[in-house]
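Chains as they are written, first to last, in this note's numbering: chain A, 1 to 379; chain B, 1 to 308.
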Amino acid sequence: MATGLLFTPCAWSKARTIRIGFNIPLTGDIPKVGEGSKYSAEMLKQKINAAGGLKVGKDTYQLEFIYEDNESKAESATAAAMKLITQDEVLALIGPQASKQAIPAGEICNSFKTPMITPWSTNPQATRDRPYVFRGCFLDPFQGPVVANFATREFKAKKAAVLYDIASDYPKGLAEYFKAAFEKIHGPGSVVAFETFTTKDRDFSAQLTKIIKSGADVLFTPQYYDEVPLIVKQAHELGWKKPIMGSDSWGSAELMKLCGDDCKGLFFSTHYAAAGARGATKEFIDSYKAKYGYIPDDVAALTWDSIRLLLTAIQNTGGLSGKVEKDREAVKNQLARIRDFEGITGKMTFTPEGDPIKCAVIVKINNQGEFEFYESVCP
Amino acid sequence: MEAFFQNLLNALQWGSFYALIALGYTLVYGVLLLINFAHGDIFMVGAYIGFFIATFLLGTYAFRLPVMLPNEVVFVITLVAAMLLTALVGVTIERIAYRPLRRKGASRLYVVITALMAGLILENGNLALLGASRRSFPELLPKSIYTLGGITFSNIKILVIATTVVVFLILELIIHKTRLGMAMRAISYDRMAVPLMGIAADTVIVFTFALGSALAALAGVFFATSYPVLEPYMGALVGWKAFIAAVIGGIGDIRGAFLGGFLLGFIEIFVAAVFPSTLRDLIAFSVLLIFLTIKPTGLFGVARATKI
């Protein structure tokens with residue numbers, strides 16, 4: 001019966017699917033990131049499949065998403081990429097989200113000639129010299145100066161301190177770009193404390209003591225949402241009263257739940273601001289909130305955009321051959337050609353490296369604990 | 001100089017957690033010659049139990065208490081209840097995992113492996129039951145921050161350090177001045193001869209596990225108060241390091257565990273304060289390794305014919 005169905009052309013065409021793999025952290029240090037990505041993907045998939053599927057050329061396809069947990073570890077991310085490419089034979093991959101996993105997984109995707117879009121990884125290395133790897137967000141060489149300029153203008157900061165995790169690609173890269181940008185404005189040595197810790201650390205009192213004694217005007221800490229509350233609380237306990245700034249890794253729905261009052265009034269740079277959004281962005285936020293009960297964070301929005309980018313590229317191929325290697329190649333070529341794509345996190349045009357040119361947003365955490373739009377910075 | 005004293009205080013707080021957990025390791029080892037590798041995860045269980053009791057008392061769940069308790073009262077109840085319930089968890093593990101092996105006279109290696117497995121079951125059981133999401137421990141104690149001669153400290157810091165010292169003193173009293181303490185020392189000396197003297201060895205062993213687990217819960221609740229982000233694997237790394245601290249102090253001796261815990265806390269904080277933090281664990285454990293080479297039994301340890 002099953003074999004009969006397989007060989008009946010009609011039934012076979014009905015079951016046509018496009019398979020896309022997701023390499024996301026469902027457990028590990030940042031499970032909320034994986035959850036947001038998955039929810040966002042499920043929402044888009046249901047929307048498209050309910051409307052009959054995705055039309056590519058003359059055929060219509062149902063979407064099939066496969067979620068692999070990379071446990072927020074580099075080695076699991078490469079294993080997940082390998083499994084999705086070779087075993088599940090997906091057409092393309094979305095994720096990993098954090099640079100620590102996106103950089104090694106990108107290497108796998110590139111060598112297997114499979115297109116990959118990382119929605120959230122801002123470290124330049126993720127896409128550098130990898131024609132098959134793309135991203136859905138801006139880069140740290142752009143984000144670093146945005147924060148440095150903002151701190152200079154807003155807080156009149158002349159000396160800055162940085163606290164970051166040296167064992168993780170994203171904070172390390174961004175800390176260095178911030179330092180370079182800040183010292184370019186205020187001269188060498190104006191970053192008076194450049195302190196490090198290692199993933200899983202819970203106590204930062206020694207580093208924060210040094211930062212407080214250094215006389216810095218602002219503290220920049222590009223860490224993930226599970227570390228930010230600890231850093232901010234300990235800084236306040238040790239007597240730090242000056243501003244603390246963060247980066248797009250702060251923008252999780254979980255941050256305020258963990259941080260509470262300590263984080264109110266702080267600023268961070270990110271990809272979009274949920275409070276006060278308009279148009280398609282508002283539509284996305286409203287339907288996400290109705291479905292899952294909380295306001296989506298930037299990872300969810302960027303994942304949504306990245307999947308839509310990928311689907312646009314698939315449609316632009318004008319028809320799939322059914323041979324996975326050939327189709328992967330066609331999708332990659334179309335991705336590189338996308339211009340002025342209207343995403344919910346802003347308009348994107350791809351550079352030859354596979355990086356979009358798009359604006360950054362500075363968000364202030366207001367007294368209600370919402371992420372409020374403060375200003376927008378474009379390249 | 002200010003920075004030095006500030007870091008001294010930081011180190012005392014950080015060392016307190018190691019010391020409290022190391023005391024649990026050392027108690028069980030002292031009595032049974034068993035390295036209870038599940039101890040770090042019992043610490044995690046203590047923190048989670050504390051979290052659930054605290055949020056329950058604060059009325060976060062559907063069932064509310066008829067009266068709203070002041071936060072300080074909630075904290076005390078949380079601490080006591082978490083210690084009692086975690087003691088129960090510790091005793092249960094002993095009953096299910098270790099006692100049958102002991103009865104069968106299994107080699108100590110198997111008991112250690114069982115302990116490792118019990119720890120993994122606790123971690124992954126938590127992950128499976130409660131999910132990977134982080135939980136935020138509620139702020140039960142109003143935080144006040146004092147500055148004295150350029151040194152800043154919070155009431156919580158002082159509370160943690162003071163409690164650790166008091167707990168250590170009470171433990172010293174229990175071990176050296178009570179009949180139960182005497183029985184514990186007797187079992188540690190010769191487990192075979194103790195039943196012949198009419199001491200119920202199992203009761204004493206259960207008591208040891210209860211005491212050690214209660215201390216882990218105390219550390220867990222304080223840890224969650226100081227670093228209020230809970231996750232299923234929070235006990236693993238801290239647990240291993242506290243075990244090392246116990247060995248440095250001379251495992252089996254509670255003064256050793258107490259000092260070893262603080263010693264590790266001091267080395268970690270001061271290395272991070274002086275060197276780039278990447279070198280912290282490298283230097284900390286190199287120092288400890290050299291220390292053990294010179295004095296293999298640790299600070300207070302006595303050489304025994306058999307050791308694991």
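C-beta atoms are modelled at their ideal positions from N, C-alpha and C, and glycine is treated no differently. Since the structure is predicted, the reported quantities are computational estimates derived from the model, not experimental observations.
In the DSSP annotation of this structure, the continuous segment of the alpha helix (DSSP H) that includes A/Gly-279 starts and ends at 279 to 292. A contact is defined here as three or more CB-CB pairs under 8 Å, and the stretch 331 to 346 of chain A fails this definition with respect to the stretch 69 to 85 of chain A. If you draw a straight line from the Cα of B/Ala-19 to the Cα of B/Val-112, it comes to about 22 Å.
Distance from the Cα of B/Arg-103 is smallest, within the candidate group B/Ala-186, B/Leu-32, B/His-39, for B/Leu-32. With fewer than 16 other Cβ atoms inside 10 Å of its own Cβ, B/Leu-196 counts as exposed. The C-alpha of A/Phe-373 is placed about 17 Å away from the C-alpha of A/Arg-153.
Residue burial annotation: A/Glu-68 is buried, with at least 16 other C-beta atoms found within 10 angstroms of its C-beta.
Between the beta-carbon of B/Ser-286 and that of B/Ile-161 there is about 27 Å, and that puts the pair past the 8 Å contact cut.
Contact annotation for A/Asp-226 against chain B: Arg-134, Val-229, Glu-231 [CB-CB distance below 8 Å, chain order]. In this structure, A/Glu-64 lies near A/Arg-19, with their beta-carbon atoms less than 7 Å apart. Secondary structure in the stretch 56 to 125 of chain B: the alpha helix (DSSP H) runs of 4 residues or longer, each lying completely within the stretch, are 71 to 93, 99 to 104 in chain order. Counted as a single uninterrupted DSSP element, the stretch harbouring A/Gly-52 is not any beta strand (DSSP E), since DSSP gives it neither H nor E.
Remark: C-beta atoms of B/Gly-46 and B/Ala-216 approach each other more closely than 7 Å.
Our two residues, A/Gln-87 and A/Val-324, have alpha carbons roughly 12 Å apart in a direct line.
Its Cα nearest to that of A/Leu-266, the residue A/Val-147 stands out among A/Leu-84, A/Val-147, A/Gln-97, A/Glu-329.
Non-local C-beta neighbours of A/Asn-123 in its own chain, meaning closer than 7 Å and more than five positions away in sequence, comprise Ser-99, Ile-103, Asp-140, Asp-169, Tyr-170, Gly-173, ordered along the chain.
Segment contact: the stretch 106 to 123 of chain B against the stretch 347 to 357 of chain A, fewer than three CB-CB distances shorter than 8 Å; contact not assigned. Counting every other CB atom within 10 Å of its CB across the protein chains shown gives B/Phe-63 a total below 16, marking it as exposed. For A/Gly-144, the closest C-alpha among the options A/Thr-270, A/Leu-163, A/Phe-178, A/Gly-187 is that of A/Phe-178.
The C-beta distance from A/Gly-369 to A/Lys-264 rounds to 6 Å, short enough to fall under 8 Å. Measuring C-alpha to C-alpha distances from A/Gly-318 to each of A/Ser-306, A/Trp-304, A/Asn-333, A/Asp-305 identifies A/Asn-333 as the nearest. A straight line joining the alpha-carbon of A/Val-377 with that of A/Leu-219 spans about 21 Å. In terms of CA proximity to B/Phe-209, B/Ala-115 leads the group B/Thr-55, B/Ala-115, B/Val-166, B/Val-194. In this structure, A/Tyr-132 is the residue among A/Tyr-132, A/Lys-73, A/Asp-59 with its C-alpha nearest to the C-alpha of A/Ile-94.
Burial check for A/Thr-270: the Cβ neighbour count within 10 Å reaches 16 or more, so the residue is buried. The C-beta of B/Leu-282 has fewer than 16 other C-beta atoms within 10 Å across all chains shown, which makes the residue exposed. Positions of the beta strand (DSSP E) runs, each at least 3 residues long and wholly inside the stretch 175 to 208 of chain A, are given as 191 to 197 in order along the chain.
Rounded to the nearest whole angstrom, the CA to CA distance from A/Gly-36 to A/Leu-84 is 20 Å.
Nearest CB-CB separation between A/Ile-166 and chain B: below the 7 Å threshold. For B/Ala-242, no Cβ of chain A is located within less than 7 Å of the residue's own Cβ. Contact between A/Val-361 and A/Tyr-272 is confirmed by a C-beta separation of about 6 Å, below the 8 Å threshold.
Secondary-structure assignment with DSSP links A/Pro-356 through a beta bridge to A/Phe-350. Within the same chain, Ser-72, Tyr-224, Asp-226 come within 7 Å of A/Asp-29 by CB-CB distance, once the 5 residues on both sides are set aside. Within the same chain, Thr-60 come within 8 Å of A/Gly-52 by CB-CB distance, once the 5 residues on both sides are set aside.
The C-beta distance from B/Leu-299 to B/Gly-252 rounds to 12 Å, too long to meet the 8 Å contact threshold. Taking 7 Å as the cut-off, the Cβ atoms of A/Gly-246 and A/Asp-298 do not count as close.
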